[in-house]
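The block underneath contains the structure these notes are about, expressed in C-alpha cells.
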Amino acid sequence: MMKAAAGIDIGSTTAKCVILRDGELLGKSLNPVGVNIVRDAEEALRLALVDARLDRSEVAFVTGTGYGRFKIAFGQLTVTEISCHARGAHFLFPRTRLVIDIGGQDTKAIRVNERGEVADFAMNDKCAAGTGRFLDVCAGALGYDVAEIGPLSLEARHPVKVTSTCTVFAESEVTSHVSRGKDPKDILAGLHASIANRSLSLLQRVGIEPEVTFTGGVSRNEGMVRALSGRLHMPINVSPLSQYMGAIGAALAGADRLRGGTAS
Amino acid sequence: MITCGLDLGSGVVKGALIEDGRKILNTASRPTRGNPSSAGQQVLEDLAEAENLVPGDLAYLCTTGFGRYMFPNRQLQVSDITSSAKGASFLRPGTRHVLDIGAQSSRAIRISPTGKVLKFKMNEKCAAGAGRFVERCSKYLQVPMEDMSARALSAQKPKLISSVCAVLAETEIINNVAEEVPLPDILMGVYLSLAQRAYSLMRYVGIESEITLVGGLVHSEAMVRAVRDTVHMGVNAQSEGHYAAAIGAALLGHQRAVRLSGPAGVGN
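Just so you know, the protein sequences line up as chains A and B, in that order. Just so we're aligned: the first sequence equals residues 6 to 269 in our numbering. Just so we're aligned: the second sequence equals residues 20 to 287 in our numbering.
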C-alpha cells in the first residue's frame, strides 16, 4: 500500500495539517499559531495523525508551506503557498482557473492552468486592507467576533458604503457610522463589499476566468463568498476544506515525490 | 485689518489671527472630536475672547483643512496644500520645501520663494505615515502620547519596522516587545518609519536643501530627529509650525480682502 503524505501550512494565524493517501484525505487539523512556530507545526502534525488514526511512522513524506514553512524542522520539502493553493484548489475543483486566497494577513490571486500549475499570480502582503485582518479589526470595532459577521452582513437591508481603504481609517469610519445610528448589519455589508472590491482589482491583474475557487480562512465567511460572487457576477467554488487548501496542495506535492515523480 | 484662518483638521482644529497680513496676534486650538464645525466655532470664540474682538473686527475668515467646507461662516476656503505652503513660507521665509505631517494625512510640497505651490505629493489613503500611526502605537504599547517622543529620544539602537502598513506593523511591534527589544528602540523605530514614508513623498516632489516641518507632529522632537536622520539635511521646526495652515489661511484671507477693497476695476 502506498504510504501517506502530510502537508503542513503555517499561516500567520493558524497552522493547518492534512494527511493524504492515494488522493484520499485521512485526517486534518487546525491550531492557532503563537510565538513558537516550530512547536505549533509539530502540534499540527500530531493532531492530524490523531484525526487520521495513524502512527507517525506511516507518514512517509512531510511538506511544509505557508509563510512559516521554513520553521518546520522535520519536513522533507517546502513549497510556496502559491503553488500549494493552486494545486489544492485544482484537486478539489478540477476546473479551477482562478484562485482567490484571502488569509489572515495577505491576499493572493492565482491563475492556474488545466494541470493545476501556477500560470500567474498577484499578491497583497503589504497592506492589511483587503485581508482577513481588515475584517478582524472592523468586527472588533463593532464589538463582534469575526466568526459572527459573515451571516450578519447577509441580513443587511441598506448597505453602507465604506470609503476608506486603510484599515485604520475604516475602523474610525465604522465608529462614526455607528454614532450616526447606522445598523451594524448594514455597516458589515459595506465592509464585506470593500474587501470584495480590493480583491477584484487583484483578480483583474491576473485575469478573471471561470471557474473561480475561493480559499483561505476568510472563505469560511458566507458574507464574503456572497460579496465576492456578486462582484464577479459568477458563482464561486468554496469547499468546507477551503481553509486546508494550502496544506492539501503541500501533501499532494509530497505524494508526487513519493511516487518518484517531480514535485512542483 | 484682522483676518482669521481656521484649519479644520481631522484630529485638531487650529485657528490663527493675523493683523494686516504681517503679524500673528494669537493662535488657539481644540480637539476636533468628530465635529469640525463646532470645534471651529469654539476656536473662533477663544480667539475673539483672547483678543477682545467684537463683531465687525474680523475682516475676513478663511478656512482650510479637511473640514473647510463644513464651516458655514466663512468667506473663503483654500486647500490645505495652499495654506500650509503659505504659512510655512511666512514662518520660515525663503524655505522651498515643506513637509506637513498631520493626524490623518501627510504631504510634501515644493514652493516658490513667495510660498506658491510648485509641486506636491500627498498621502491621505493610508494611516502609515500619518500621526495616527503614532497614536495607535501609544495605545497598544501603553505609553501616553505626551511621553512618546521623550522615550523615543533615549533609543540606543532604533528598531526599524519592515511593514509598511500601520496594522501589519502592529504585529511586528508586538513581536519586538515579545523579543524584549527595549521600548525606546521600538518607539524611535516608529518615528523613523514615519520619516521614511515622508521621505518618499519628498523625493517625489524633489528636495535639494532644507525642509520646513509643519503639522501636528512638529512638537515632537523625536519626529524632527527622525526626519533629519532620514533626509540628511537641515530640518526647520518651530512650534508655530503646528499652526502653519491656519496662519497661511489667514494670510490668504488678507490678500483676498485687500484685493476686494482695492480700487474699482482692479479687483475681481
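From the three backbone atoms N, C-alpha and C, an ideal C-beta is built for every residue, glycine too.
Residue-level contact to chain A via CB, B/Ala-11, 7 Å cutoff: Because chain B in this structure spans residues 20 to 287, residue 11 of chain B falls outside the shown range and cannot be described.
Partners in chain B for A/Ser-34, counting only beta-carbon separations shorter than 7 Å: None at all; the shortest Cβ gap to chain B is about 24 Å.
Sub-7 Å separation of B/Thr-231 and B/Asn-255 beta-carbons: In this structure, B/Asn-255 lies closer than 7 Å to B/Thr-231 by Cβ.
Residue-level contact to chain A via CB, B/Cys-81, 7 Å cutoff: For B/Cys-81, the answer is no, since every Cβ of chain A falls outside 7 Å of its Cβ.
Extent of the continuous alpha helix (DSSP H) run through B/Val-310: Residue 310 of chain B lies beyond the range of chain B shown here (20 to 287); nothing can be said about it.
Beta carbon proximity, B/Val-32 to chain A, threshold 7 Å: No, because no Cβ of chain A sits closer than 7 Å to the Cβ of B/Val-32.
Integer-rounded CB distance, given that A/Leu-103 should sit under 8 Å from A/Ile-213: That belief holds up - the Cβ atoms of A/Ile-213 and A/Leu-103 are roughly 6 Å apart, short of 8 Å.
Beta-carbon proximity list for B/Asp-204, same chain, < 7 Å, skipping 5 on both sides: Once the five neighbours on either side are set aside, the close Cβ partners of B/Asp-204 are Ala-174, Gln-175, Lys-176, Pro-177, Lys-178.
Those runs of the beta strand (DSSP E) which lie wholly inside the region 70–123 of chain A and span at least 3 residues: Listed in chain order, the complete beta strand (DSSP E) runs (minimum 3 residues) inside the region 70–123 of chain A are 103–107, 112–117.
CA-to-CA distance, A/Thr-170 to B/Val-237, given in whole angstroms: Approximately 27 Å between the Cα atoms of the pair.
6 Å CB neighbourhood of B/Val-285 in its chain, flanking five on each side removed: Confidence at B/Val-285 is low in this model, with a pLDDT of 45, below 50, so its placement is unreliable and the value that follows should be read with caution. Excluding its 5 nearest sequence neighbours in each direction, B/Val-285 has no C-beta neighbour in its own chain below 6 Å.
Exposure of A/Met-7, with buried meaning 16 or more beta-carbon neighbours within 10 Å: For A/Met-7, the number of other beta carbons within 10 angstroms of its own is below 16, and it is reported as exposed.
Residue interval of the alpha helix (DSSP H) (run including A/Val-230): Boundaries of the alpha helix (DSSP H) harbouring A/Val-230: 227–237, taken from the DSSP string.
Pair within 7 Å by beta-carbon distance, A/Val-40 and B/Ala-188: Taking the C-beta atoms as reference points, B/Ala-188 is found no nearer than 7 Å to A/Val-40.
Same chain, Cβ closer than 8 Å to A/Ser-204, five either side skipped, listed in chain order: Within the same chain, A/Ser-204 has close Cβ partners Ile-105, Ile-107, Thr-112, Ala-114, Gly-135, Leu-233, Arg-236.
Environment of B/Tyr-79 [buried if 16+ CB atoms lie within 10 Å]: Result: buried.
Any C-beta of chain B under 7 Å from that of A/Val-123: Chain B, which has no Cβ nearer than 7 Å to the Cβ of A/Val-123, makes this no.
Interface partners of B/Lys-135 on chain A, CB under 9 Å: Listed along chain A is no residue with a C-beta nearer than 9 Å to that of B/Lys-135; the closest approach is about 30 Å.
Contacts that B/Gly-53 makes with chain A (C-beta to C-beta distance below 8 Å): Using a Cβ-Cβ cut-off of 8 Å, B/Gly-53 is close to Ser-181, Ser-184 of chain A, given in chain order.
Residue from B/Arg-49, B/Leu-77, B/Asn-54, B/Gly-53 whose Cα sits closest to the Cα of B/Asp-65: Taking only the C-alpha atoms, the option nearest B/Asp-65 is B/Arg-49.
Contact under 7 Å by Cβ, B/Ala-147 with B/Ser-29: Result no, Cβ atoms of B/Ala-147 and B/Ser-29 do not sit closer than 7 Å.
Status (buried if at least 16 other CB within 10 Å, exposed otherwise) for B/Asn-71: With fewer than 16 Cβ atoms within 10 Å of its Cβ, B/Asn-71 is classed as exposed.
Residues sharing a beta bridge with B/Val-254, DSSP: Under the DSSP definition of a beta bridge, B/Val-254 partners with B/Ile-230.
Anticipated Cβ contact below 8 Å, B/Arg-216 with B/Asn-142, distance rounded: By a beta-carbon distance limit of 8 Å, B/Arg-216 contacts B/Asn-142. Their separation comes to about 7 Å.
Test item: CB-CB of B/Gly-267 and B/Ser-103 under 7 Å: Using a Cβ distance threshold of 7 Å, B/Gly-267 and B/Ser-103 count as a contacting pair.
Extent of the continuous alpha helix (DSSP H) to which B/Met-207 belongs: Following the DSSP letters along the chain, one finds B/Met-207 inside the alpha helix (DSSP H) bounded by residues 202–224.
Of the listed residues B/Pro-201, B/Ala-169, B/Thr-133, B/Thr-190, nearest to B/Arg-244 (C-alpha basis): Measuring from the Cα of B/Arg-244, the nearest candidate turns out to be B/Ala-169.
Own chain residues within Cβ distance below 6 Å of A/Leu-157, not counting five before or after: Closer than 6 Å at Cβ, skipping near neighbours: Lys-190, Leu-193.
B/Asn-45 - partner residues in DSSP beta bridges: According to DSSP, which records beta bridges pairwise, B/Asn-45 is partnered with B/Leu-36.
Other residues of its chain near A/Val-151: CB distance less than 7 Å, five sequence neighbours each side excluded: Here the set comprises Leu-140, Asp-141, Ala-144.
DSSP-derived helix/strand/coil call for A/Lys-8: A/Lys-8 carries a coil assignment under DSSP once its states are collapsed to helix, strand and coil.
Residue nearest to A/Glu-176 in terms of C-alpha spacing, selected from B/Cys-145, B/Leu-77, B/Val-32: When only C-alpha atoms are compared, the closest one is B/Cys-145.
Beta-carbon proximity of A/Ala-57 to A/Ser-34, cut-off 7 Å: The answer is no: Cβ separation not under 7 Å.
Residues that A/Arg-44 contacts on chain B, provided the C-beta gap is smaller than 8 Å: Think of a sphere of 8 Å around the beta carbon of A/Arg-44: no beta carbon from chain B falls inside it, the nearest being about 15 Å out.
A/Asp-130 to B/Cys-184 span [Cα, whole Å]: So the alpha carbons of these two residues sit roughly 9 Å apart.
Residues that A/Cys-171 contacts on chain B, provided the C-beta gap is smaller than 7 Å: By Cβ distance, chain B contributes Lys-144, Cys-145, Ala-146.
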